[in-house]
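Residue numbers (this note's numbering), protein chains in the order written: chain C, 1 to 296; chain Z, 1001 to 1296.
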């Protein structure tokens, strides 16, 4: 028994709390799991000690995590939202998507992607609810040397003029409103019609929204169009393009904005061209070229 | 727009991710909340970067937290269990309960405390199910100078011989089995009858249990009796006493063991004394003196 009273390894001491906890991991545990748990436990204890967390604050944290878990359903992922607003999702994306200079950059996927959007010929209009300012999107998909990539897939989705995705307003918006899958032509080009994106709030009626409010942070995402661009032999890009005039560009709630993803949206005053496109005049146009890196 | 393309503060960059996120906190946010969030975000990002977390591992983490939240009910707190098995609960306890040397130390409260256990006169037997090896617990409650504290309250609870608390086996164990509230006499003494505690597993049928299994960690708590000792003008002590012969003393699943809380359980062979106590012979006895610090 004497050894148990001599600070032997199994007994908890605050000054060596990390070592005591991590020493419990079995010798034959999965090495990667061991690595992750050792690092997470070390940083977790360091944060608690640096904060000098009170018992009441600890209980507030337990309740916050519990409420966040209870908010999660098949249709709502509050822990991903938490990861997003704390910049963790973007950090994980950066760690996992280092690409050669000049390649189009990734950003967050977000919770509103649907894998089965309709396939359209280039030129189709994906705005099915008639709301918003008309927008022509066009560009080319090329490799790092500037060679056209024919047959690349461009999967696009966006929120509507009211700031909601179709899946958030089933029965209100037409199904697959502002969603479409396009394919590049022989010269790598693609084009489609849509509407200029607007900013919108992330779902802020849950614990994460309450946390943002307590921090004096607004829940708005900078206006954007979502893209997934893929082609055989190339690294798939999950990204957005952002409008340069959005008031939330410098304070996107989920930190999704990257300088290279701010696109040049132009206001076009050309009545005949508007007529050809079936647009009211003036309208918006953006050229957006995509540079794919080779598959890893 | 040019400033937005020059790495201006609002735009996410992995190399300064913590600063970008923390800069969003409003100037008039609660200062303590700001401090906590800044520190937590810094350690969270540091952990993700050090781990070089993959997208798949991130999703595994999201799913683990979600499952942990979904496991929480009015009767089950899986996030507290997670805090316990990662040593966080004991660390928070250590931060919040520094006491003068010689004072009785705290340990975890655990999830099975009931505030309304029956009050008994000293000597009562709190074992209502007739299971287990009989145990006499006795001692004194004193202050740091050794002066008796009369009228101190001793609130005791324990798992039964099968390893369950009454609240885990409603309808199987008698209500308030192995629970009681005692009061010290004029000389600070208290005594009661119970049974020798046995080790038992924490609830391990949820995400935390799965995590422990993946780490090769068993879920067993070292055998203990719970105590809350309180007296006017003194710092309330939430603690356990541990049996010295438990096989899990050096590997308590929640790190609750402290060297000073291992008590001297004696096997007593004294047929006449056993008769007086209504015990079978031989029986167990433990003397446990409590030293209360002044209220903070």
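We put the CB at the ideal spot given by N, CA and C, even for glycine. Keep in mind it's a predicted model, so treat the numbers as computed, not measured.
- Around residue 1154 (chain Z), the same chain offers 1182, 1190, 1229 as residues with beta carbons nearer than 6 Å, after the five sequence neighbours per side are excluded.
- In this structure, Z:1237 is the residue among Z:1237, Z:1266, Z:1273, Z:1249 with its C-alpha nearest to the C-alpha of residue 1093 (chain Z).
- Excluding residues up to 5 positions away in sequence, 176, 179, 180, 181 lie with their Cβ nearer than 8 Å to the Cβ of residue 118 (chain C) in the same chain.
- Residue 58 (chain C) and residue 1108 (chain Z) have their alpha carbons spaced roughly 13 Å apart.
- Distance check between residue 77 (chain C) and each of C:204, C:225, C:120 places C:204 closest, using alpha-carbon atoms only.
- Distance between residue 1138 (chain Z) and residue 1287 (chain Z), taken at the CA atoms: about 5 Å.
- Residues of the stretch 42–53 of chain C whose Cβ lies closer than 9 Å to any Cβ of chain Z, in chain order: 42, 43, 44, 45, 46, 47, 48, 49, 50, 51, 52, 53.
- Taking a Cβ-Cβ threshold of 8 Å, the residues of chain Z close to residue 251 (chain C) are 1010, 1024, in chain order.
- Between residue 1143 (chain Z) and residue 1234 (chain Z), the CB-CB gap stays under 9 Å.
- Within the stretch 246–286 of chain C, the runs of alpha helix (DSSP H) that reach at least 4 residues and sit entirely inside it are, in chain order, 271–277.
- The closest CA to that of residue 1291 (chain Z), considering only Z:1160, Z:1030, Z:1102, Z:1200, is found on Z:1102.
- Burial is judged here by how many other beta carbons sit within 10 angstroms of a residue's own beta carbon; residue 73 (chain C) has fewer than 16 and is exposed.
- Assignment of beta-bridge partners to residue 1134 (chain Z) by DSSP yields Z:1195.
- Annotation: residue 1235 (chain Z) is outside any alpha helix (DSSP H) and is labelled neither H nor E by DSSP.
- Within the stretch 1072–1092 of chain Z, the residues whose Cβ lies closer than 9 Å to some Cβ of chain C are 1072, 1077, 1078, 1079, 1080, 1082, 1083, 1085, 1086, 1087, 1088, 1089, 1090, 1091, 1092, listed in chain order.
- Look at residue 1209 (chain Z) here: in three-state DSSP terms it is helix.
- Counted as a single uninterrupted DSSP element, the alpha helix (DSSP H) harbouring residue 69 (chain C) occupies residues 55–71.
- For secondary structure counted as the beta strand (DSSP E) over 3 or more consecutive residues, the stretch 1148–1203 of chain Z holds these complete runs in sequence order: 1153–1157, 1179–1183, 1189–1195.
- Between the C-alpha atoms of residue 1256 (chain Z) and residue 1174 (chain Z) there is a straight-line separation of about 27 Å.
- Taking 9 Å as the cut-off, the beta carbon of residue 1084 (chain Z) is found closer than this to the beta carbon of residue 1253 (chain Z).
- Around the beta carbon of residue 1186 (chain Z), fewer than 16 other beta carbons sit within 10 angstroms, so the residue counts as exposed.
- Between the beta-carbon of residue 163 (chain C) and that of residue 200 (chain C) there is about 3 Å, and that keeps the pair under the 8 Å contact cut.
- Look at residue 28 (chain C) here: in three-state DSSP terms it is coil, with no helix or strand label.
- Excluding residues up to 5 positions away in sequence, 1133, 1135, 1284 lie with their Cβ nearer than 6 Å to the Cβ of residue 1196 (chain Z) in the same chain.
- Taking 9 Å as the threshold, the shortest C-beta distance from residue 101 (chain C) to chain Z does not fall below it.
- Per DSSP, reduced to three states, the secondary structure at residue 1143 (chain Z) is strand.
- With respect to chain Z, the C-beta atom of residue 291 (chain C) has no partner C-beta closer than 9 Å.
- Residues of the stretch 136–161 of chain C with a C-beta less than 8 Å from any C-beta of chain Z: none at all.
- Among the residues facing chain C, residue 1258 (chain Z) is included, as its CB has a counterpart in that chain under 9 Å away.
- No Cβ of chain C is located within less than 9 Å of the beta carbon of residue 1284 (chain Z).
- Around the CB of residue 1264 (chain Z), fewer than 16 other CB atoms lie within 10 Å, so the residue is classed as exposed.
- For residue 1017 (chain Z), at least one C-beta of chain C is nearer than 9 Å to its own C-beta.
- Judged by DSSP secondary structure, residue 81 (chain C) falls outside any beta strand (DSSP E) and instead within the alpha helix (DSSP H) spanning 78–85.
- Looking at the DSSP output, residue 1239 (chain Z) sits in a beta bridge with Z:1227.
- Look at the stretch 210–234 of chain C: the residues with a C-beta under 7 Å from a C-beta of chain Z are 214, 215, 216, 217.
- Under the three-state reduction of DSSP output, residue 1217 (chain Z) falls in the coil class, being neither helix nor strand.
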